[in-house]
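Read through the structure below, which is laid out as C-alpha coordinates, and then see the notes.
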Amino acid sequence: MKNFLNYLEDNNKTFKEDSFNIVDSLVLAYLSYLHFPSTLTKLKDLDISKTTKVEKNREFIKRVITSKRYKDIESCFYVEDTNDLIEKQFSAVTFLLPNNTMYISFRGTDSTLTGWKEDFNMAFMLPVPAQKEALNYVEKITKLIPRKFYIGGHSKGGNLAVYAGCNLSNDLSKQIIKIYSHDGPGFLKEFLTTSNYQNIKDKIEKVVPSSSIIGMLLYTNEHYKIIKSSERGILEHDPFSWIVKDNNFIILKKLSDGTAYTNKVINNFLNSLSKKEREIFIDSLFTVLKSTGLTTLDEISKNFIIKIPNILISIYKLDDVNKKYIIKTIKALIKSCITNLSLLIPLD
1132 MKNFLNYLED NNKTFKEDSF NIVDSLVLAY LSYLHFPSTL TKLKDLDISK
1182 TTKVEKNREF IKRVITSKRY KDIESCFYVE DTNDLIEKQF SAVTFLLPNN
1232 TMYISFRGTD STLTGWKEDF NMAFMLPVPA QKEALNYVEK ITKLIPRKFY
1282 IGGHSKGGNL AVYAGCNLSN DLSKQIIKIY SHDGPGFLKE FLTTSNYQNI
1332 KDKIEKVVPS SSIIGMLLYT NEHYKIIKSS ERGILEHDPF SWIVKDNNFI
1382 ILKKLSDGTA YTNKVINNFL NSLSKKEREI FIDSLFTVLK STGLTTLDEI
1432 SKNFIIKIPN ILISIYKLDD VNKKYIIKTI KALIKSCITN LSLLIPLD
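In this note's numbering, the protein residues as written are 1132 to 1479.
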(Lines of atoms letter the chains of each structure in order from A and count residues from 1; the text may use other names and numbers.)
(Lines give C-alpha, C1' and ligand atoms only; values in the text may rest on other atoms or scores of the structure.)
Protein backbone atom coordinates (compact mmCIF):
# COMPACT_ATOMS: atom_id res chain seq x y z
CA MET A 1 0.00 0.00 0.00
CA LYS A 2 1.34 3.39 -1.00
CA ASN A 3 1.47 6.55 1.10
CA PHE A 4 2.66 10.09 0.45
CA LEU A 5 6.29 8.92 0.46
CA ASN A 6 5.51 6.85 -2.63
CA TYR A 7 3.65 9.81 -4.09
CA LEU A 8 6.78 11.94 -3.71
CA GLU A 9 8.76 9.29 -5.54
CA ASP A 10 6.21 8.56 -8.27
CA ASN A 11 4.94 12.04 -9.17
CA ASN A 12 7.68 13.96 -10.93
CA LYS A 13 5.40 16.24 -12.89
CA THR A 14 5.60 19.97 -12.33
CA PHE A 15 2.57 21.89 -11.08
CA LYS A 16 2.11 23.19 -14.62
CA GLU A 17 1.91 19.61 -15.91
CA ASP A 18 -0.24 18.29 -13.06
CA SER A 19 -2.27 20.73 -10.98
CA PHE A 20 -2.15 21.03 -7.18
CA ASN A 21 -4.10 18.31 -5.35
CA ILE A 22 -5.00 17.17 -1.85
CA VAL A 23 -1.93 14.93 -1.50
CA ASP A 24 0.25 17.95 -2.30
CA SER A 25 -1.57 19.72 0.51
CA LEU A 26 -0.75 16.91 2.96
CA VAL A 27 2.92 17.05 1.95
CA LEU A 28 3.10 20.81 2.58
CA ALA A 29 1.03 20.53 5.76
CA TYR A 30 3.37 17.88 7.14
CA LEU A 31 6.42 19.96 6.25
CA SER A 32 5.27 22.47 8.88
CA TYR A 33 6.32 20.01 11.61
CA LEU A 34 9.94 20.50 10.56
CA HIS A 35 12.20 23.46 11.31
CA PHE A 36 13.02 25.95 8.56
CA PRO A 37 15.51 28.78 8.13
CA SER A 38 14.06 32.24 8.65
CA THR A 39 15.32 33.34 5.22
CA LEU A 40 13.82 32.53 1.83
CA THR A 41 15.03 29.03 0.96
CA LYS A 42 14.33 26.62 -1.87
CA LEU A 43 13.34 23.20 -0.56
CA LYS A 44 16.17 21.58 -2.53
CA ASP A 45 18.65 23.67 -0.49
CA LEU A 46 17.39 22.60 2.94
CA ASP A 47 19.98 21.18 5.33
CA ILE A 48 18.48 17.82 6.31
CA SER A 49 20.83 17.37 9.27
CA LYS A 50 19.30 20.38 11.01
CA THR A 51 15.72 19.61 10.08
CA THR A 52 14.87 16.49 12.05
CA LYS A 53 16.36 13.51 13.84
CA VAL A 54 13.37 11.21 13.23
CA GLU A 55 14.27 8.67 10.55
CA LYS A 56 10.93 8.64 8.72
CA ASN A 57 10.99 12.45 8.62
CA ARG A 58 14.51 12.38 7.20
CA GLU A 59 13.31 10.05 4.44
CA PHE A 60 10.31 12.31 3.84
CA ILE A 61 12.33 15.51 3.47
CA LYS A 62 14.95 13.71 1.36
CA ARG A 63 12.25 12.78 -1.15
CA VAL A 64 10.79 16.29 -1.08
CA ILE A 65 14.07 18.05 -1.88
CA THR A 66 14.95 15.65 -4.71
CA SER A 67 11.49 15.76 -6.27
CA LYS A 68 11.14 17.60 -9.56
CA ARG A 69 7.69 18.68 -8.36
CA TYR A 70 8.80 20.21 -5.05
CA LYS A 71 12.48 21.10 -5.18
CA ASP A 72 11.93 24.64 -6.49
CA ILE A 73 9.23 25.53 -3.97
CA GLU A 74 10.50 28.27 -1.65
CA SER A 75 9.85 28.43 2.09
CA CYS A 76 9.59 31.75 3.89
CA PHE A 77 8.23 33.49 7.01
CA TYR A 78 8.76 30.51 9.29
CA VAL A 79 7.59 31.26 12.83
CA GLU A 80 7.48 29.20 16.00
CA ASP A 81 5.99 30.57 19.21
CA THR A 82 5.18 28.65 22.39
CA ASN A 83 4.05 30.68 25.38
CA ASP A 84 3.31 28.74 28.57
CA LEU A 85 1.83 31.79 30.30
CA ILE A 86 -1.03 32.28 27.83
CA GLU A 87 -1.11 28.59 26.83
CA LYS A 88 -0.20 29.09 23.18
CA GLN A 89 1.63 26.72 20.83
CA PHE A 90 1.87 28.05 17.29
CA SER A 91 4.05 27.52 14.25
CA ALA A 92 3.59 28.31 10.57
CA VAL A 93 5.52 28.50 7.32
CA THR A 94 4.64 29.79 3.86
CA PHE A 95 5.52 27.95 0.65
CA LEU A 96 5.78 29.86 -2.64
CA LEU A 97 4.76 27.55 -5.46
CA PRO A 98 6.22 27.80 -8.98
CA ASN A 99 2.73 28.38 -10.43
CA ASN A 100 2.55 31.80 -8.71
CA THR A 101 0.31 30.64 -5.88
CA MET A 102 1.30 29.98 -2.27
CA TYR A 103 0.44 27.55 0.50
CA ILE A 104 0.22 28.78 4.09
CA SER A 105 0.92 25.81 6.35
CA PHE A 106 0.07 25.55 10.04
CA ARG A 107 1.71 23.04 12.37
CA GLY A 108 -0.44 20.72 14.46
CA THR A 109 -0.03 20.01 18.15
CA ASP A 110 3.43 19.11 19.42
CA SER A 111 4.00 16.91 22.47
CA THR A 112 4.23 19.77 24.99
CA LEU A 113 1.66 20.07 27.76
CA THR A 114 1.16 23.68 26.64
CA GLY A 115 0.20 22.52 23.15
CA TRP A 116 -2.25 19.92 24.44
CA LYS A 117 -3.71 22.30 27.02
CA GLU A 118 -4.50 24.76 24.25
CA ASP A 119 -6.21 21.96 22.30
CA PHE A 120 -8.37 21.09 25.30
CA ASN A 121 -9.17 24.78 25.80
CA MET A 122 -10.99 24.67 22.45
CA ALA A 123 -13.79 22.85 24.29
CA PHE A 124 -14.77 26.10 26.04
CA MET A 125 -12.78 28.95 24.43
CA LEU A 126 -12.99 30.61 21.01
CA PRO A 127 -10.64 31.85 19.82
CA VAL A 128 -7.67 30.26 21.55
CA PRO A 129 -4.34 32.13 21.19
CA ALA A 130 -3.07 29.99 18.29
CA GLN A 131 -6.25 30.71 16.32
CA LYS A 132 -5.74 34.46 16.79
CA GLU A 133 -2.11 34.06 15.76
CA ALA A 134 -3.09 32.07 12.66
CA LEU A 135 -5.43 34.83 11.49
CA ASN A 136 -2.78 37.50 12.10
CA TYR A 137 -0.22 35.41 10.22
CA VAL A 138 -2.41 34.99 7.12
CA GLU A 139 -3.29 38.69 7.08
CA LYS A 140 0.39 39.62 7.31
CA ILE A 141 1.55 37.19 4.61
CA THR A 142 -1.19 38.06 2.13
CA LYS A 143 -0.35 41.76 2.41
CA LEU A 144 3.34 41.10 1.81
CA ILE A 145 2.75 38.60 -1.01
CA PRO A 146 -0.39 39.44 -3.02
CA ARG A 147 -1.22 36.19 -4.81
CA LYS A 148 -3.90 33.51 -4.65
CA PHE A 149 -3.29 31.01 -1.89
CA TYR A 150 -4.14 27.76 -0.18
CA ILE A 151 -4.29 27.37 3.61
CA GLY A 152 -3.87 24.02 5.31
CA GLY A 153 -2.62 21.93 8.16
CA HIS A 154 -2.70 18.55 9.85
CA SER A 155 -4.39 18.01 13.24
CA LYS A 156 -4.70 21.34 15.08
CA GLY A 157 -3.07 22.93 12.03
CA GLY A 158 -6.20 22.09 10.04
CA ASN A 159 -8.37 23.78 12.65
CA LEU A 160 -6.16 26.89 12.52
CA ALA A 161 -6.42 26.95 8.72
CA VAL A 162 -10.22 26.86 8.85
CA TYR A 163 -10.43 29.50 11.58
CA ALA A 164 -8.07 31.87 9.77
CA GLY A 165 -9.79 31.37 6.41
CA CYS A 166 -13.21 32.08 7.90
CA ASN A 167 -12.19 35.35 9.53
CA LEU A 168 -10.39 37.12 6.70
CA SER A 169 -11.82 40.21 5.05
CA ASN A 170 -13.99 39.69 1.97
CA ASP A 171 -11.22 40.90 -0.33
CA LEU A 172 -8.69 38.43 1.11
CA SER A 173 -11.13 35.51 1.28
CA LYS A 174 -11.69 35.88 -2.47
CA GLN A 175 -8.01 35.05 -2.96
CA ILE A 176 -8.37 31.70 -1.15
CA ILE A 177 -8.24 28.79 -3.58
CA LYS A 178 -8.96 26.12 -0.98
CA ILE A 179 -8.66 25.43 2.76
CA TYR A 180 -7.41 21.97 3.72
CA SER A 181 -7.99 20.33 7.09
CA HIS A 182 -6.20 16.99 7.40
CA ASP A 183 -7.88 15.28 10.37
CA GLY A 184 -8.21 18.62 12.13
CA PRO A 185 -10.63 19.02 15.08
CA GLY A 186 -13.85 20.96 14.74
CA PHE A 187 -15.22 23.93 16.67
CA LEU A 188 -17.75 24.93 19.26
CA LYS A 189 -21.21 24.58 17.73
CA GLU A 190 -21.94 28.32 17.68
CA PHE A 191 -18.96 28.99 15.39
CA LEU A 192 -20.55 26.93 12.62
CA THR A 193 -23.61 29.20 12.48
CA THR A 194 -21.63 32.40 11.93
CA SER A 195 -21.82 34.13 8.57
CA ASN A 196 -18.02 34.05 8.38
CA TYR A 197 -18.05 30.25 8.44
CA GLN A 198 -21.09 29.86 6.20
CA ASN A 199 -19.56 32.12 3.55
CA ILE A 200 -16.34 30.11 3.28
CA LYS A 201 -17.35 26.50 4.07
CA ASP A 202 -17.59 25.51 0.39
CA LYS A 203 -13.86 26.17 0.06
CA ILE A 204 -13.02 23.81 2.94
CA GLU A 205 -11.83 20.30 2.13
CA LYS A 206 -11.52 18.09 5.18
CA VAL A 207 -10.38 14.46 5.32
CA VAL A 208 -10.46 12.10 8.29
CA PRO A 209 -9.37 8.45 8.54
CA SER A 210 -12.12 5.93 9.27
CA SER A 211 -11.18 5.62 12.96
CA SER A 212 -10.60 9.35 13.41
CA ILE A 213 -10.67 10.66 16.96
CA ILE A 214 -8.87 14.02 16.65
CA GLY A 215 -10.66 15.08 13.46
CA MET A 216 -14.10 14.28 14.89
CA LEU A 217 -13.66 16.26 18.11
CA LEU A 218 -16.20 19.06 18.66
CA TYR A 219 -18.39 20.01 15.68
CA THR A 220 -17.84 20.19 11.94
CA ASN A 221 -20.27 21.13 9.15
CA GLU A 222 -18.17 20.81 6.03
CA HIS A 223 -18.64 17.66 3.94
CA TYR A 224 -15.59 15.75 5.10
CA LYS A 225 -14.25 12.74 3.25
CA ILE A 226 -13.39 9.51 5.04
CA ILE A 227 -10.12 7.97 3.92
CA LYS A 228 -8.37 4.63 4.30
CA SER A 229 -5.42 4.13 6.65
CA SER A 230 -2.99 1.25 7.05
CA GLU A 231 -3.20 1.65 10.86
CA ARG A 232 -6.02 1.29 13.36
CA GLY A 233 -7.46 3.47 16.11
CA ILE A 234 -5.59 6.59 17.22
CA LEU A 235 -2.58 5.54 15.09
CA GLU A 236 -4.64 6.44 12.01
CA HIS A 237 -3.93 10.09 12.84
CA ASP A 238 -0.41 9.58 11.43
CA PRO A 239 -0.28 10.90 7.82
CA PHE A 240 2.27 8.22 6.94
CA SER A 241 -0.55 5.68 7.33
CA TRP A 242 -2.91 7.32 4.83
CA ILE A 243 -3.15 5.27 1.66
CA VAL A 244 -2.60 7.15 -1.59
CA LYS A 245 -3.78 6.10 -5.02
CA ASP A 246 -2.73 8.27 -7.95
CA ASN A 247 -3.30 11.88 -6.81
CA ASN A 248 -5.82 11.16 -4.08
CA PHE A 249 -6.56 9.13 -0.98
CA ILE A 250 -8.73 6.03 -1.04
CA ILE A 251 -12.22 7.20 -0.07
CA LEU A 252 -14.44 5.10 2.22
CA LYS A 253 -18.20 5.27 2.73
CA LYS A 254 -18.42 5.59 6.51
CA LEU A 255 -16.58 5.97 9.79
CA SER A 256 -15.87 2.86 11.85
CA ASP A 257 -18.48 1.87 14.47
CA GLY A 258 -15.96 2.62 17.21
CA THR A 259 -15.44 6.15 15.93
CA ALA A 260 -19.19 6.80 15.67
CA TYR A 261 -19.48 5.69 19.30
CA THR A 262 -16.55 7.76 20.54
CA ASN A 263 -17.80 10.84 18.68
CA LYS A 264 -21.28 10.50 20.17
CA VAL A 265 -19.91 9.92 23.68
CA ILE A 266 -17.64 12.97 23.59
CA ASN A 267 -20.26 15.31 22.12
CA ASN A 268 -22.99 14.19 24.55
CA PHE A 269 -20.49 14.48 27.38
CA LEU A 270 -19.55 18.05 26.42
CA ASN A 271 -23.20 19.02 25.95
CA SER A 272 -23.93 17.89 29.52
CA LEU A 273 -21.41 20.40 30.89
CA SER A 274 -21.42 24.18 30.84
CA LYS A 275 -18.39 25.95 29.40
CA LYS A 276 -17.39 26.93 32.93
CA GLU A 277 -17.54 23.30 34.07
CA ARG A 278 -15.41 22.22 31.11
CA GLU A 279 -12.87 24.93 31.93
CA ILE A 280 -12.61 23.94 35.61
CA PHE A 281 -12.20 20.25 34.75
CA ILE A 282 -9.54 20.90 32.08
CA ASP A 283 -7.61 23.34 34.28
CA SER A 284 -7.67 20.82 37.14
CA LEU A 285 -6.57 17.97 34.88
CA PHE A 286 -3.55 19.89 33.62
CA THR A 287 -2.69 21.17 37.10
CA VAL A 288 -2.37 17.52 38.09
CA LEU A 289 -0.28 16.68 35.01
CA LYS A 290 2.04 19.65 35.60
CA SER A 291 2.60 18.50 39.18
CA THR A 292 4.83 15.76 37.75
CA GLY A 293 7.41 18.40 36.81
CA LEU A 294 7.41 17.02 33.28
CA THR A 295 6.67 19.18 30.25
CA THR A 296 5.67 16.76 27.46
CA LEU A 297 3.19 13.91 27.11
CA ASP A 298 6.04 11.67 25.96
CA GLU A 299 7.85 12.26 29.26
CA ILE A 300 4.68 11.64 31.26
CA SER A 301 3.90 8.36 29.47
CA LYS A 302 7.45 7.10 30.07
CA ASN A 303 7.57 8.15 33.73
CA PHE A 304 3.92 7.77 34.75
CA ILE A 305 4.42 5.01 37.33
CA ILE A 306 7.14 6.81 39.27
CA LYS A 307 5.14 10.06 39.18
CA ILE A 308 1.96 8.55 40.68
CA PRO A 309 2.79 9.93 44.18
CA ASN A 310 3.08 13.47 42.74
CA ILE A 311 -0.25 13.03 40.94
CA LEU A 312 -2.08 11.76 44.04
CA ILE A 313 -0.72 14.60 46.17
CA SER A 314 -1.80 17.13 43.53
CA ILE A 315 -5.32 15.67 43.42
CA TYR A 316 -5.51 15.79 47.24
CA LYS A 317 -4.50 19.47 47.21
CA LEU A 318 -7.30 20.49 44.82
CA ASP A 319 -9.94 22.57 46.55
CA ASP A 320 -13.41 21.13 47.21
CA VAL A 321 -15.02 22.99 44.30
CA ASN A 322 -12.57 21.56 41.77
CA LYS A 323 -12.91 18.07 43.23
CA LYS A 324 -16.69 18.39 42.93
CA TYR A 325 -16.46 19.35 39.26
CA ILE A 326 -14.00 16.54 38.51
CA ILE A 327 -16.37 13.98 40.07
CA LYS A 328 -19.33 15.44 38.16
CA THR A 329 -17.36 15.38 34.91
CA ILE A 330 -16.29 11.76 35.34
CA LYS A 331 -19.91 10.78 36.11
CA ALA A 332 -21.10 12.60 32.98
CA LEU A 333 -18.50 10.79 30.87
CA ILE A 334 -19.47 7.38 32.27
CA LYS A 335 -23.16 8.14 31.69
CA SER A 336 -22.47 9.16 28.07
CA CYS A 337 -20.47 5.95 27.51
CA ILE A 338 -23.33 3.78 28.79
CA THR A 339 -26.09 5.73 27.02
CA ASN A 340 -24.45 5.31 23.61
CA LEU A 341 -23.49 1.63 23.92
CA SER A 342 -26.16 0.74 21.35
CA LEU A 343 -23.85 2.16 18.66
CA LEU A 344 -21.45 -0.69 19.42
CA ILE A 345 -23.85 -3.39 20.63
CA PRO A 346 -27.09 -3.76 18.64
CA LEU A 347 -29.99 -4.12 21.09
CA ASP A 348 -32.43 -5.92 18.77
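Beta carbons: idealized from backbone N, C-alpha and C, even for Gly.
By how many angstroms is the C-alpha of residue j removed from the C-alpha of residue i?
i, j, result
"F1135", "V1375", "6 Å"
"T1107", "F1380", "The structure shown has nothing for residue 1107, since the chain only spans 1132 to 1479."
"S1163", "A1292", "13 Å"
"T1426", "I1446", "18 Å"
"V1185", "T1197", "19 Å"
"L1228", "Y1234", "7 Å"
"I1344", "K1305", "32 Å"
"K1448", "K1406", "23 Å"
"Y1268", "V1195", "25 Å"
"L1323", "N1352", "7 Å"
"D1250", "K1279", "29 Å"
"S1215", "E1148", "With the sequence shown as reference, residue 1215 is identified as Asp, and Ser is not the correct amino acid for it. Distance between the alpha carbons of D1215 and E1148 is about 45 Å."
"K1187", "L1386", "28 Å"
"D1451", "D1429", "30 Å"
"K1309", "I1335", "6 Å"
"S1156", "F1226", "11 Å"
"N1290", "I1458", "30 Å"
"K1263", "I1217", "12 Å"
Using the three-state DSSP reduction, which class does residue i fall into: helix, strand or coil?
i, result
"L1303", "helix"
"P1340", "strand"
"H1451", "Residue identity check: residue 1451 is Asp in the sequence provided, not His. Helix."
"D1333", "helix"
"N1381", "At residue 1381 the sequence reads Ile, which differs from the Asn that was named. Correct three-state label for I1381: coil."
"R1254", "At residue 1254 the sequence reads Ala, which differs from the Arg that was named. Looking at A1254 - three-state DSSP - the assignment turns out to be coil, as it is neither helix nor strand."
"G1284", "strand"
"I1217", "coil"
"F1146", "coil"
"K1175", "helix"
"E1205", "strand"
"D1212", "strand"
"T1197", "coil"
"F1167", "coil"
Going along the chain, which residues of its own chain have a beta-carbon closer than 8 Å to the beta-carbon of residue i, five neighbours each way excluded?
i, result
"S1372", "N1134, P1340, S1360, S1361, E1362 and L1366"
"N1143", "S1198, K1199 and R1200"
"I1358", "V1338, V1339, P1340, S1341, W1373, I1374, F1380, I1381, I1382 and L1383"
"N1298", "L1266 and N1327"
Short of 7 Å in beta carbon distance, which residues of its chain neighbour residue i, apart from the five on each side in sequence? Order them along the chain.
i, result
"L1420", "L1244 and I1431"
"N1453", "I1411 and S1415"
"A1160", "S1236, G1283, G1284, H1285, G1288, Y1311 and H1313"
"I1397", "L1348"
"G1364", "S1342"
Taking the alpha helix (DSSP H) that residue i falls in, what are its first and last residues?
i, result
"I1411", "K1406 to K1421"
"K1274", "P1260 to L1275"
"D1155", "I1153 to L1162"
"F1371", "That residue, F1371, is in no alpha helix (DSSP H); it is neither H nor E in DSSP."
"Y1138", "F1135 to D1141"
"F1237", "No alpha helix (DSSP H) contains F1237, which is instead part of the beta strand (DSSP E) from M1233 to F1237."
"I1397", "D1388 to N1402"
With residue i as the anchor, note down where its beta strand (DSSP E) starts and where it stops.
i, result
"G1424", "Neither: G1424 is in no beta strand (DSSP E) and is coded neither H nor E."
Excluding the five sequence neighbours on either side, which residues of its own chain have a C-beta within less than 6 Å of the C-beta of residue i, listed in chain order?
i, result
"Y1138", "V1154 and V1375"
"D1212", "F1221"
Taking 7 Å as the cut-off, is the beta-carbon of residue i closer than that to any non-hydrogen atom of the ligand SAH?
i, result
"K1287", "The ligand content of the structure shown is nil, which means the ligand SAH is not present either."
Given 8 Å, three or more beta-carbon pairs between the stretch 1406-1418 and the stretch 1384-1395: no
Kindly confirm or deny that the stretch 1248-1257 and the stretch 1267-1285 touch, where touching means at least three C-beta pairs closer than 8 Å. no
Is it the case that the stretch 1165-1172 contacts the stretch 1206-1215, given that we only count it when at least three CB pairs across the two stretches are under 8 Å? yes
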